[in-house]
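To keep things clear, I will list the structure first and then write my remarks on it.
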Amino acid sequence: MKKLIYLFVILIGLFFLFGPEVRPDNFQPQEVLATVQDSDVIIVFNSGGWGDVPLEKAEDFAPIIEKIQQTLDQWGYGTVVIPYTRTKADLFGRVAGFRELMNNFKNSSNDLAEKLEALNEKFPDKKIIVTGLSVGGAFVTKTYENISEELKDSVYTIAVGTPFWADNFESNNIIQVDNEGKDSLVRGNVSPLFFSLVKSPFKWLVSRIQGQPLPFSMAFQAQGHAYSWESPEVGPKIISFLSDKFR
1 MKKLIYLFVI
11 LIGLFFLFGP
21 EVRPDNFQPQ
31 EVLATVQDSD
41 VIIVFNSGGW
51 GDVPLEKAED
61 FAPIIEKIQQ
71 TLDQWGYGTV
81 VIPYTRTKAD
91 LFGRVAGFRE
101 LMNNFKNSSN
111 DLAEKLEALN
121 EKFPDKKIIV
131 TGLSVGGAFV
141 TKTYENISEE
151 LKDSVYTIAV
161 GTPFWADNFE
171 SNNIIQVDNE
181 GKDSLVRGNV
191 SPLFFSLVKS
201 PFKWLVSRIQ
211 GQPLPFSMAF
221 QAQGHAYSWE
231 SPEVGPKIIS
241 FLSDKFR
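Counting in full-length UniProt numbering, the sequence shown runs from 1 upward without gaps.
Here's what the structure looks like:
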């Protein structure tokens with residue numbers, strides 16, 4: 001029996017390390033040609049959690065994206081939002097996504113960086129804003145780090161609620177929104193994170209009983225990890241950043 005358990009653990013480990021590299025079908029520059037043609041600013045959207053929540057269902061981040069668009073529109077900039085999905089919603093996709101998380105998004109951030117380079121080559125007059133929530137914040141920060149020095153002048157990154165374990169790459173074109181230090185996931189505060197983790201399965205179960213199922217990533221809500229545009233630590237801070245870059 002022990003041998004079977006050891007064999008199972010070894011197989012799981014090998015699957016994790018050498019399993020297939022599964023990537024979602026994301027935008028290709030030529031595919032978005034008509035979409036971005038009449039826009040001045042391209043906003044790349046990346047959700048939190050596994051990074052597979054569509055914009056229209058991202059209740060935690062879509063309102064912020066909408067307000068960013070409204071702000072730029074008031075300043076005379078036409079915008080278009082292009083989603084970027086990090087993982088596929090199946091077993092192989094989740095394994096590949098977790099492996100990417102452990103490797104600091106080595107492959108997926110390079111993939112998005114290459115797409116941004118291609119977009120810039122086709123549309124050199126357009127500005128690009130890359131946005132990410134929570135784990136997505138870590139992902140877009142890593143993506144900005146990977147783009148060329150030339151492109152860094154045309155790309156702006158808005159990372160919201162980036163977890164404490166993420167690498168910190170600093171640039172004047174990156175804003176890290178963290179509820180002014182109130183986000184326990186950003187700060188790495190162990191006690192509130194532990195209690196949030198304990199409550200998550202119950203919240204997840206209740207959502208299913210009520211017929212409004214939540215992904216586990218949304219059921220886990222760390223203290224201070226909710227972001228509202230109306231909060232003085234969020235909307236005004238992002239507007240100030242955008243004003244500095246676009247006005």
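We treat Cβ as the ideally placed atom computed from N, Cα and C, and that holds for glycine.
Note that the structure is predicted; figures quoted are calculated from it, not measured.
- Between W165 and P24, the alpha-carbon positions lie close to 25 Å from each other.
- The beta carbon of T131 sits closer than 7 Å to those of I43, V44, F45, N46, I65, V140, I158, all from its chain and outside the five residues before and after it, given in chain order.
- If you draw a 10 Å sphere on the C-beta of L72, you find 16 or more other C-beta atoms in it, and that means buried.
- For F241, no beta strand (DSSP E) run applies; the uninterrupted alpha helix (DSSP H) run containing it begins and ends at 235-246, by DSSP.
- It is roughly 21 Å from the alpha-carbon of I239 to the alpha-carbon of G48.
- Close CB contacts of T85 within its chain, under the 7 Å cut and outside five residues either way in sequence, are with P24, N26, G51, D52 (chain order).
- With 16 or more other CB atoms across the displayed protein chains lying within 10 angstroms of its CB, V135 is buried.
- The beta carbon of F105 is closer than 6 Å to those of F139, K142 in its chain, skipping five residues each way along the sequence.
- D153 and D167 have their alpha carbons spaced roughly 21 Å apart.
- Inter-segment contact for the stretch 114-131 and the stretch 85-105 is absent: fewer than three beta-carbon pairs are separated by less than 8 Å.
- Setting aside the 5 residues that flank it on each side, N173 is surrounded in the same chain by Y156, each with a C-beta closer than 6 Å to its C-beta; the list follows chain order.
- Comparing alpha carbon positions, the residue from G78, Q70, P83, K67 closest to L55 is P83.
- Residue state for I158 is assigned as strand, using DSSP reduced to three classes.
- E31 and V41 have their C-alpha atoms roughly 17 Å apart.
- In the structure shown, the three-state DSSP call for F92 is helix.
- Under DSSP, no beta-bridge partner is assigned to L72.
- Around R247, the same chain offers W75 as residues with beta carbons nearer than 7 Å, after the five sequence neighbours per side are excluded.
- For the set G161, P201, S109, I129, the Cα lying nearest the Cα of T79 is the one of I129.
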